[in-house]
Amino acid sequence: MSVRFDLQNVSEEYLADPYRVLAELRAHSPVHKNSDGTVVLTCYADIVQTYRDPLIWSSDKQSVFNTKFGNTPLFEHHTNSIVFIDPPDHTRIRNLFQSAFTRKALAAFVPRITGLVDEYLDRFEDQGKMEVVEEFSFRLPIEVVCDLLGVPRQDRELIRGWANSILTALEPTLVPKQLDDGNQAVIDFKQYLRDLIAYKRAHPHDAHDTEVLTILADAEADGKRLTEVELLHQCIFMLNAGHETSTNMISHGIHEMLLNPDQIDLLSKSPDLIEPMVEEVLRYQAPIQINNRQAKSDQILSGVTIPEDTTVHMMINAANRDPSQFPNPDRFDISRRPNRHLSFGLGVHICAGNALARVEAQIAFQRLFQRFPKLGLTSPAVIAPRLRFREVSSLHVCLT
Ligand code: HEM
Numbered sequence: 009m010s011v012r013f014d015l016q017n018v019s020e021e022y023l024a025d026p027y028r029v030l031a032e033l034r035a036h037s038p039v040h041k042n043s044d045g046t047v048v049l050t051c052y053a054d055i056v057q058t059y060r061d062p063l064i065w066s067s068d069k070q071s072v073f074n075t076k077f078g079n080t081p082l083f084e085h086h087t088n089s090i091v092f093i094d095p096p097d098h099t100r101i102r103n104l105f106q107s108a109f110t111r112k113a114l115a116a117f118v119p120r121i122t123g124l125v126d127e128y129l130d131r132f133e134d135q136g137k138m139e140v141v142e143e144f145s146f147r148l149p150i151e152v153v154c155d156l157l158g159v160p161r162q163d164r165e166l167i168r169g170w171a172n173s174i175l176t177a178l179e180p181t182l183v184p185k186q187l188d189d190g191n192q193a194v195i196d197f198k199q200y201l202r203d204l205i206a207y208k209r210a211h212p213h214d215a216h217d218t219e220v221l222t223i224l225a226d227a228e229a230d231g232k233r234l235t236e237v238e239l240l241h242q243c244i245f246m247l248n249a250g251h252e253t254s255t256n257m258i259s260h261g262i263h264e265m266l267l268n269p270d271q272i273d274l275l276s277k278s279p280d281l282i283e284p285m286v287e288e289v290l291r292y293q294a295p296i297q298i299n300n301r302q303a304k305s306d307q308i309l310s311g312v313t314i315p316e317d318t319t320v321h322m323m324i325n326a327a328n329r330d331p332s333q334f335p336n337p338d339r340f341d342i343s344r345r346p347n348r349h350l351s352f353g354l355g356v357h358i359c360a361g362n363a364l365a366r367v368e369a370q371i372a373f374q375r376l377f378q379r380f381p382k383l384g385l386t387s388p389a390v391i392a393p394r395l396r397f398r399e400v401s402s403l404h405v406c407l408t
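Here's what the structure looks like:
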């Protein structure tokens with residue numbers, strides 16, 4: 009059976025609910041060719057294989073982004089970001105990040121995250137209603153990632169617009185204004201960071217040694233471990249990577265629980281389900297739906313030959329619902345174990361912030377559902393029609 013599907017030209021129906029079409033692809037065309045020669049992968053085992061071998065399946069996007077962006081600031085940004093760099097440069101940069109993501113650094117965030125969540129929930133209690141994205145799930149991750157990096161509190165609103173423009177430019181199809189906005193955002197963001205780094209260097213007592221900005225700026229200062237361009241783009245990448253994804257994880261988690269009130273009851277009876285609950289939210293609505301790799305030589309997946317240089321779209325959203333890995337995959341079940349979803353990727357590029365994101369979600373869901381088990385939806389949630397990022401654009405809830 010042939011399946012008609014082209015990632016370059018998907019229907020509105022697909023954007024609203026990709027899972028039925030992806031199941032069809034997985035069953036009948038697991039290595040599916042798009043009109044532009046790229047390939048869509050939907051089987052869990054194939055996607056795991058591509059993550060596992062970074063030398064065969066490259067993350068380097070020089071040629072792809074050259075075609076997409078030309079010689080522009082967006083090209084410079086994306087090709088210098090850790091996530092689009094192969095070993096050995098990837099290993100050098102990734103090692104620099106490690107000191108920001110130790111257990112100790114993570115534990116230090118718990119009181120701050122708890123304080124922020126309680127502050128948002130106090131406001132919710134006073135108002136009796138809340139637009140979750142604006143008033144809760146967006147606020148928390150941006151505060152946390154800006155703390156992690158060392159961005160002053162008063163500048164945080166600036167980051168949001170830049171991050172949005174830069175990430176939007178990664179969507180498979182774009183209009184010229186999106187490209188212009190993305191390029192301008194990279195220029196403005198770089199200048200902002202240059203000024204901030206200069207300020208921190210002039211005022212070393214205002215910086216903490218676990219701040220990523222300080223760690224990376226020190227590596228740049230020693231002249232061998234990081235160039236200035238690399239420094240600026242890792243900071244931009246981290247600010248972008250660390251907030252939109254977590255925002256959507258929190259929004260989807262609240263939404264899915266409200267759609268499945270039996271799961272709210274289950275969580276209140278068994279609070280220790282909070283960890284598997286977070287994993288299930290991540291599996292069920294992967295905030296990043298697609299990762300990409302490029303074949304360095306001819307490869308065979310699911311019996312199909314993929315020629316050298318082909319770009320593959322690894323559909324995380326499809327892998328996470330592959331019945332060979334997840335029994336009854338379309339059921340949202342907070343007690344699901346094991347749950348080896350691919351929402352943080354796998355292998356050398358596995359999300360550097362995954363432990364932080366998990367802690368944010370655990371604290372956010374635990375405190376929300378413990379305090380307000382009788383939460384209700386005021387209107388249906390709005391899911392943005394985006395391919396790469398599964399975004400909740402609005403979610404109105406009230407106390408019932
Ligand atoms: C729910 C939240 C998040 C999701 C779903 C997510 C997802 C991902 C995925 C799928 C990758 C792998 C990309 C690839 O292999 O091509 C990745 C990489 C990365 N993420 Fe996250 N992420 C989240 C939160 C965060 C946070 C909070 C941070 C930092 C504060 C962060 C920092 C990074 C970094 C630095 C990388 C690049 C790692 C590398 O290339 O070695 N992420 N993320």
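The sequence shown begins at 9 in my numbering and counts up by one. In this text, a Cβ means the ideal position worked out from N, Cα and C, and glycines have one as well.
- For Q186, the CB contacts under 8 Å within the same chain, skipping 5 residues up- and downstream, are S173, T176, A177, E179 in chain order.
- DSSP places K208 in the uninterrupted alpha helix (DSSP H) bounded by 184-210.
- Burial of E288 is indicated by the presence of at least 16 other C-beta atoms within 10 angstroms of its C-beta.
- Here the alpha carbons of D14 and H321 stand approximately 12 Å from one another.
- Less than 9 Å divides the Cβ of A24 from the Cβ of P393.
- The beta carbon of L124 lies closer than 6 Å to those of L148, E151 in the same chain, with the five residues before and after it left out.
- The beta carbon of G250 lies closer than 6 Å to those of V153, G361 in the same chain, with the five residues before and after it left out.
- DSSP, reduced to helix, strand and coil, places A303 within a strand of the structure shown.
- DSSP places F77 in the helix class (H, G or I) of the three-state scheme.
- In the displayed model, C154 falls within a helix according to three-state DSSP.
- Under the three-state reduction of DSSP, I314 is assigned to strand.
- Between L82 and V194 a beta carbon distance of about 6 Å is seen, short of the 8 Å cut, so the two are scored as contacting.
- The beta-carbon distance between T255 and F117, rounded to whole angstroms, is 17 Å. This is too long to meet the 8 Å contact definition.
- Positions of the alpha helix (DSSP H) runs, each at least 4 residues long and wholly inside the stretch 235-293, are given as 236-249, 252-267, 269-277, 282-292 in order along the chain.
- The stretch 50-57 and the stretch 75-93 do not touch, with fewer than 3 CB-CB distances between them shorter than 8 Å.
- For T87, the secondary structure class from DSSP, reduced to helix, strand or coil, is helix.
- In this structure, the CA atom of R396 is about 17 Å from the CA atom of L33.
- Going by DSSP, H349 is part of no alpha helix (DSSP H) at all; its letter is neither H nor E.
- The beta carbon of I371 lies closer than 8 Å to those of V118, I121, T122, V125 in the same chain, with the five residues before and after it left out.
- For T386, there is no enclosing alpha helix (DSSP H), since its DSSP letter is neither H nor E.
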